[in-house]
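Residue numbering for the sequence shown follows our numbering, beginning at 125 and increasing consecutively. Think of the CB as a built atom: it goes at the ideal place given N, C-alpha and C, for glycine as much as any other residue.
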Amino acid sequence: MIFSRSIASQSKMILVHATASFKILLKKRKLNKEEVSEMEFNYDKFLNKYTVLIKNDII
Numbered sequence: 125m126i127f128s129r130s131i132a133s134q135s136k137m138i139l140v141h142a143t144a145s146f147k148i149l150l151k152k153r154k155l156n157k158e159e160v161s162e163m164e165f166n167y168d169k170f171l172n173k174y175t176v177l178i179k180n181d182i183i
């Protein structure tokens, strides 16, 4: 159980870093607002699914 919590903790840290990197990437690219909104929506959808797996100790 301790091992799975450690993995979950590391996974959360990776998600935080990935989210920050994703937002920096969006700012650097020259995209219109619709493209940015669509990419953010898709990323948030992925993030929500992954977070549910972590909370349920599946990952």
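Under three-state DSSP, which class holds Leu-171?
-> helix
Residues of its chain near Met-125, where Cβ-Cβ distance is below 6 Å and the 5 sequence neighbours each way are ignored | Note on Met-125: pLDDT 47, under 50, position unreliable in the model; no value is reported.
How long is the line joining the alpha carbons of Lys-151 and Asn-180, rounded to whole angstroms?
-> 33 Å
Output the distance between the C-alpha atoms of Met-163 and Gln-134, rounded to the nearest integer angstrom.
-> It is roughly 25 Å from the alpha-carbon of Met-163 to the alpha-carbon of Gln-134.
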